[in-house]
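Residue numbers (the numbering used here): 75 to 663. Scroll down for the structure; my scribbles are underneath it.
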């Protein structure tokens with residue numbers, strides 16, 4: 075029996091002002107019925123280009139293909155999708171081949187209810203009445219385990235959580251009972267617990283229907299419990315493929331070794347994380363990434379400023395409530411308690427981790443500390459002064475000391491100005507007395523501190539990778555020489571290798587500048603790696619606090635234990651082998 079999908083020597087290139095760019099070269103692999111194939115690699119490795127090529131969703135006027143993509147169902151003739159006509163492709167798209175995209179909010183129509191969108195997909199591929207399509211949609215919502223399917227049917231996408239929106243996308247993809255389901259980074263930036271439920275759901279649906287699945291991700295450990303085989307991609311080429319146990323325990327290509335080894339949970343807290351350049355033996359690349367930092371584990375340049383003793387920030391009984399229901403006269407009948415009577419203190423020079431699922435109040439708390447959101451009650455005492463006693467307009471000079479790194483660097487930067495001007499803007503506001511030339515020198519110095527080059531100042535945000543954009547945002551936060559930094563999910567959507575680079579960078583900069591950090595994340599393994607202490611937040615309250623090792627290894631709350639249990643794990647044998655490699659490079663086959 076032929077495989078459901080066979081990609082044979084696929085090449086993809088794009089035409090642009092700089093000539094042709096080869097995004098994919100000579101890629102070949104197959105997917106059998108009932109099999110889950112994981113396509114793994116960093117951003118730009120060619121994973122999504124491969125997936126989009128299957129359904130010819132790439133721009134037709136600039137895309138050039140080579141090779142073949144053969145699709146076959148039981149009892150049906152094999153079809154080369156690259157040569158299929160427009161009508162035939164329409165029957166495959168969303169019909170025999172379903173697709174779940176990375177960002178459900180941009181894939182769903184914001185002005186149409188979720189139920190109507192799934193109904194549209196149902197009626198596109200099945201001839202049935204509106205009533206029958208509604209019943210099938212409700213059945214699909216129940217199948218993907220959405221709570222109260224009738225209520226979800228009438229909700230708009232913005233009224234659903236990230237995990238619920240992704241379940242709607244899965245229901246839509248499953249509406250035509252596809253023979254092949256393509257999942258393009260379906261769990262990126264989701265909470266670890268939500269991520270695990272989505273993985274369990276995909277696995278369950280695959281077992282029930284017998285469909286083939288291509289699961290795309292940048293995290294090799296994520297696929298350990300879901301995939302049958304793994305295909306590793308690097309710079310547009312397939313460098314390694316095999317069954318999941320072989321790839322996990324006996325990776326033969328250095329890039330695969332790097333993807334496995336750079337995960338924070340495999341390393342002692344505070345140790346330098348390895349990056350791809352270390353495994354590929356490219357010392358020049360490593361030095362360009364860390365111009366003043368550690369290269370291959372050797373500290374040469376950084377100075378470590380000992381933090382001053384004492385409390386820098388103290389929060390007392392802080393609450394942030396939002397109106398949830400109002401009467402017809404405008405009187406608030408019910409509040410949503412996003413932050414509810416929270417108290418804690420942060421020592422000078424400390425990294426305090428704040429962890430919890432989406433909606434627990436982490437981001438609201440961080441923005442209240444900066445007074446980007448006005449608290450309902452409580453006290454915020456920074457450096458001995460109660461911030462809530464001063465009008466926001468009078469806090470400009472003090473606000474220099476508190477900066478924030480937002481989760482999405484692209485939305486945090488103005489796309490219409492260069493990153494150099496974005497940094498200059500900060501300097502013009504806070505350092506008016508400096509000359510233009512002094513500010514330009516400061517911009518070049520800031521870019522160098524975060525591992526970028528002076529000429530990068532002339533680029534716009536879209537010209538950078540995700541990791542580089544996050545470095546620009548870090549540089550902007552450092553522009554005012556802050557003593558306190560809030561990192562709000564600053565590595566949650568990054569590739570694991572880029573995540574390692576940014577975590578190393580934060581540790582290096584903290585050693586150099588001695589600032590205090592509140593590090594917010596839903597991933598306890600990342601928080602444990604970088605933090606001195608950890609606070610766990612649930613439904614607006616701090617439910618557990620302790621040293622990083624105490625909370626991670628000996629949690630007292632069931633909620634914390636559930637967060638830890640949901641972290642994707644590399645097998646113990648694989649972890650041991652990668653630790654051996656770090657200590658004795660070249661020991662892996």
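Positions of the beta carbon are idealized from the N, C-alpha and C atoms, including for glycine. Computed from a prediction, not measured in an experiment: that's the story for all the values here.
query, result
"Starting from the Cα of residue 242, find the closest Cα among 633, 223, 258 and give me that residue.", "223"
"Figure out for me which residue from 279, 265, 426 has the closest Cα to the Cα of residue 254.", "279"
"Roughly how many angstroms lie between the CA atoms of residue 509 and residue 272, to the nearest whole one?", "54 Å"
"Got a sec, what are the start and stop residues for the beta strand (DSSP E) residue 167 sits in?", "Taken as a continuous stretch (DSSP letters only), residue 167 belongs to no beta strand (DSSP E), as it is neither H nor E."
"Alpha carbons only, please: which of 512, 605, 235 is nearest the one belonging to residue 622?", "605"
"Does the Cβ of residue 439 have 16 or more other Cβ atoms within 10 Å, making it buried, or fewer, making it exposed?", "buried"
"If I'm right that residue 579 touches residue 552 with Cβ under 8 Å, what's the distance once you round it to whole angstroms?", "No, residue 579 and residue 552 are not in contact; Cβ-Cβ is about 11 Å, not under 8 Å."
"CB residue 304 to CB residue 318, shorter than 7 Å?", "yes"
"In terms of residue numbering, what span does the alpha helix (DSSP H) encompassing residue 485 cover?", "483 to 486"
"What residue range is occupied by the uninterrupted alpha helix (DSSP H) comprising residue 415?", "Not the alpha helix (DSSP H): residue 415 falls in the beta strand (DSSP E), residues 406 to 421."
"DSSP has residue 611 in a bridge; who is on the other side?", "616"
"Given that a residue counts as buried once 16 or more other Cβ atoms are within 10 Å of its Cβ, and exposed if not, what is residue 478?", "buried"
"In or out: residue 90 buried (at least 16 other Cβ within 10 Å) or exposed?", "exposed"
"Write down every uninterrupted run of the beta strand (DSSP E) in the stretch 509 to 595 whose length is 3 residues or greater and which is fully enclosed by it, in chain order.", "558 to 562, 590 to 595"
"Tell me the rounded alpha-carbon separation between residue 513 and residue 101.", "48 Å"
"Should residue 363 be labelled buried (16 or more other beta-carbon atoms within 10 Å of its own) or exposed?", "Bear in mind that the predicted position of residue 363 carries a pLDDT of just 33, short of 50, making it too unreliable to give a figure here."
"Take residue 683 as the anchor and find which of 502, 393, 424 has the nearest alpha-carbon.", "The displayed coordinates of the chain run from 75 to 663. Any statement about residue 683 would go beyond what the structure contains."
"Nearest-angstrom Cα distance between residue 353 and residue 307?", "16 Å"
"How many Å lie between residue 371 and residue 116 at the Cα?", "Reliability fails at residue 371, whose pLDDT of 33 lies under 50, so the model's placement of it is uncertain and no value is given."
"State the beta-bridge partners of residue 89 as determined by DSSP.", "94"
"Throw me the rounded Cβ distance for the residue 256 and residue 171 pair, which I believe falls under 8 Å.", "7 Å"
"Tell me the DSSP secondary structure of residue 215 in three-state form.", "helix"
"Look at residue 78 and residue 301 and say whether their C-beta atoms are less than 7 Å apart.", "no"
"Roughly how many whole angstroms lie between the Cα atoms of residue 429 and residue 565?", "13 Å"
"Please tell me whether, using a cut-off of 6 Å, the distance from the CB of residue 133 to the nearest non-hydrogen atom of the ligand SAH is below it.", "No copy of the ligand SAH occurs in the structure displayed, which carries no ligand at all."
"Whole angstroms is fine: what's the gap from residue 168's alpha carbon to residue 174's?", "10 Å"
"With C-beta atoms as the reference, is residue 541 less than 7 Å away from residue 517?", "no"
"What is the rounded straight-line gap between the Cα of residue 75 and the Cα of residue 195?", "30 Å"
"Give a yes or no on contact between the stretch 525 to 540 and the stretch 449 to 468, applying the rule of three or more CB pairs nearer than 8 Å.", "no"
"Within 10 angstroms of the Cβ of residue 133, are there 16 or more other Cβ atoms? Answer buried if so, exposed if not.", "exposed"
"Is the stretch 175 to 190 close to the stretch 217 to 237, with three or more CB pairs under 8 Å?", "yes"
"Quickly, what does DSSP pair residue 173 with across the bridge? List them, please.", "256"
"Got a sec? Which residues, its chain only, sit under 6 Å from residue 258 by beta carbon, not counting five neighbours each side?", "122, 125, 175, 176, 290"
"Could you say which of 106, 549, 96, 268 lies nearest to residue 638 if we only look at CA atoms?", "268"
"Go ahead and pull the three-state DSSP assignment for residue 233.", "helix"
"DSSP three-state label for residue 137, please.", "strand"
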